[in-house]
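Below is one structure, written out as structure tokens; comments come after it.
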């Protein structure tokens with residue numbers, strides 16, 4: 001629990017501690033939320049109105065794509081940081097980037113709820129306002145974690161940090177687009 | 190007699206000199222004072238802001254987000270909330 005709180009509240013120290021088990025658990029939970037939880041929530045709510053099939057092979061394929069996305073983004077970080085003179089090994093990225101997945105999990109849950117009860121939230125200012133706070137807050141939170149990650153794990157600073165931030169940002173956008181297009185509604189990033 | 194006086198003066202001067210050098214305890218105090226000063230330099234405006242953002246990052250994120258959400262919703266109403274919702278939903 002203490003390690004979890006550290007990841008939540010003091011990411012810089014958590015990155016230094018590099019708890020790979022927790023990192024991979026968080027990635028795993030994100031993938032389960034985006035694949036299984038999404039299908040399970042969709043089934044009882046929308047299954048009444050039209051046929052919703054849970055395709056296990058499709059879910060497994062999506063989960064594999066999620067893992068591939070995680071390895072892919074770590075590879076992109078490693079490659080670009082190396083260009084900017086970072087000495088950090090690829091393994092270290094794979095062991096630490098998962099520690100930034102708490103906002104991704106919350107985002108995944110929010111997306112599932114909004115998709116399922118979309119008609120309830122549409123045109124409703126109060127629900128819209130609350131979901132807006134959550135969604136934009138998650139984006140800012142994840143961006144902070146992203147910068148702290150590049151600084152602490154890749155060991156970049158100053159102009160190098162800005163350069164890597166922008167280049168990795170392009171990589172993140174491309175992977176996010178690919179994720180959404182294959183059906184991972186919340187990108188595993 | 191003369192050399193005695195000289196010795197006495199030398200001793201007195203030596204003891205004065207030794208007295209003026211900082212002792213072990215004083216050195217420690219000086220070091221602590223220096224360290225405190227370094228600490229306050231690190232705690233400058235920018236440093237404090239960086240700390241506020243990177244420690245408890247969710248607090249900063251949701252705080253700024255709440256501000257923008259309230260502001261823009263007051264300005265544009267449900268047009269704005271629907272605009273953000275479309276990224277989340279279908």
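Chains as they are written, first to last, in the numbering used here: chain R, 1 to 189; chain C, 190 to 279. Built from N, CA and C at the ideal position, the CB exists for glycine as well. Every value quoted in this text rests on a predicted model; they were computed, and no experiment measured them.
**Item:** CB contact below 7 Å: residue 272 of chain C versus chain R
**Value:** Not closer than 7 Å to any Cβ of chain R, the Cβ of residue 272 of chain C fails to qualify, so no.
Own chain partners of residue 18 of chain R with C-beta closer than 6 Å, once the 5 adjacent residues on each side are dropped: For residue 18 of chain R, where only same-chain residues beyond five positions count, the Cβ hits under 6 Å are 95 and 96.
- State yes or no: is the beta carbon of residue 236 of chain C nearer than 7 Å to at least one beta carbon in chain R? Proximity of residue 236 of chain C to chain R, defined by a Cβ-Cβ separation below 7 Å, is not satisfied.
Task: Closer than 7 Å to chain R by CB, residue 265 of chain C - done: For residue 265 of chain C, no Cβ of chain R is located within less than 7 Å of the residue's own Cβ.
Looking at residue 151 of chain R: is its Cβ nearer than 7 Å to the Cβ of residue 84 of chain R?
Not closer than 7 Å, so no.
Q.
Counting C-beta neighbours from all protein chains within 10 Å, is the total for residue 104 of chain R 16 or more, i.e. buried, or is it exposed?
A. With 16 or more Cβ atoms within 10 Å of its Cβ, residue 104 of chain R is classed as buried.
Exercise. Span of the alpha helix (DSSP H) holding residue 211 of chain C?
Worked result: Counting along the chain, residue 211 of chain C falls outside any alpha helix (DSSP H), and DSSP gives it neither H nor E.
**Asked** Looking at the structure shown, is residue 143 of chain R part of a helix, part of a strand, or coil, going by DSSP?
**Response** The answer is helix: DSSP assigns residue 143 of chain R an H, G or I state.
Could you run through the region 151 to 169 of chain R and flag, in chain order, every residue whose CB is less than 8 Å away from some CB of chain C?
Under the 8 Å Cβ criterion, the region 151 to 169 of chain R contributes no residue.
Just to confirm before moving on: does the CB-CB distance between residue 15 of chain R and residue 153 of chain R stay below 7 Å? The Cβ-Cβ distance between residue 15 of chain R and residue 153 of chain R falls below 7 Å.
- Query: Taking the alpha carbon of residue 261 of chain C as the point to measure from, which residue in R:129, R:107 and R:90 has its own alpha carbon closest?
  - Reply: Comparing Cα positions, the closest option is R:129.
- Item | residue 157 of chain R - DSSP class collapsed to helix/strand/coil | Assigned with DSSP and collapsed to three states, residue 157 of chain R falls in coil, not helix or strand.
Ends of the alpha helix (DSSP H) at residue 254 of chain C?
Start and end: 246 to 265.
Please report how far the alpha carbon of residue 197 of chain C lies from the alpha carbon of residue 216 of chain C, in whole angstroms. Going by the C-alpha atoms only, they are around 29 Å apart.
Pair every Cβ in the region 134 to 143 of chain R with every Cβ in the region 53 to 69 of chain R, then say whether three or more of these pairs are closer than 8 Å. No, because fewer than three Cβ pairs between the region 134 to 143 of chain R and the region 53 to 69 of chain R fall closer than 8 Å, the two stretches do not touch.
### Message
In whole angstroms, give me the CA-to-CA distance for residue 166 of chain R and residue 143 of chain R.
### Response
Rounded to the nearest whole angstrom, the CA to CA distance from residue 166 of chain R to residue 143 of chain R is 12 Å.
Report yes if the CB atom of residue 33 of chain R is closer than 7 Å to the CB atom of residue 108 of chain R, and no otherwise.
-> Result yes, Cβ atoms of residue 33 of chain R and residue 108 of chain R sit closer than 7 Å.
### Query
Run through DSSP, which three-state label would residue 122 of chain R get?
Collapsing the DSSP output to three states places residue 122 of chain R in coil.
Fill in: Residues within the region 52 to 64 of chain R neighbouring chain C, beta-carbon criterion of under 9 Å
Under the 9 Å Cβ criterion, the region 52 to 64 of chain R contributes no residue.
Next item on the list: Report yes or no: is there a C-beta of chain R within less than 7 Å of the C-beta of residue 233 of chain C?
Entry: Output row for residue 233 of chain C: interface = no.
Identify, in the order they occur along the chain, each residue of the same chain with its Cβ nearer than 7 Å to the Cβ of residue 114 of chain R, setting aside the five sequence neighbours on each side. So the list reads 121 and 131, once near-sequence residues are dropped.
*asked:* Just to confirm the assignment, what range does the alpha helix (DSSP H) spanning residue 99 of chain R have?
replied: Taken as a continuous stretch (DSSP letters only), residue 99 of chain R belongs to no alpha helix (DSSP H), as it is neither H nor E.
- Query: Which chain R residues sit within Cβ distance under 9 Å of residue 257 of chain C?
  - Reply: Within chain R, the residues near residue 257 of chain C are 132, 133 and 136.
For this session: Would you grab the beta carbon distance between residue 73 of chain R and residue 171 of chain R for me? Rounded to a whole angstrom, and I think it's under 8 Å.
Result: Indeed they touch by this definition, with Cβ atoms about 7 Å apart.
Please list the terminal residues of the continuous alpha helix (DSSP H) segment that includes residue 9 of chain R. Bounds of the alpha helix (DSSP H) holding residue 9 of chain R are 2 to 9.
Could you tell me the alpha carbon to alpha carbon distance between residue 11 of chain R and residue 89 of chain R, rounded to whole angstroms?
Computed Cα separation, rounded: 20 Å.
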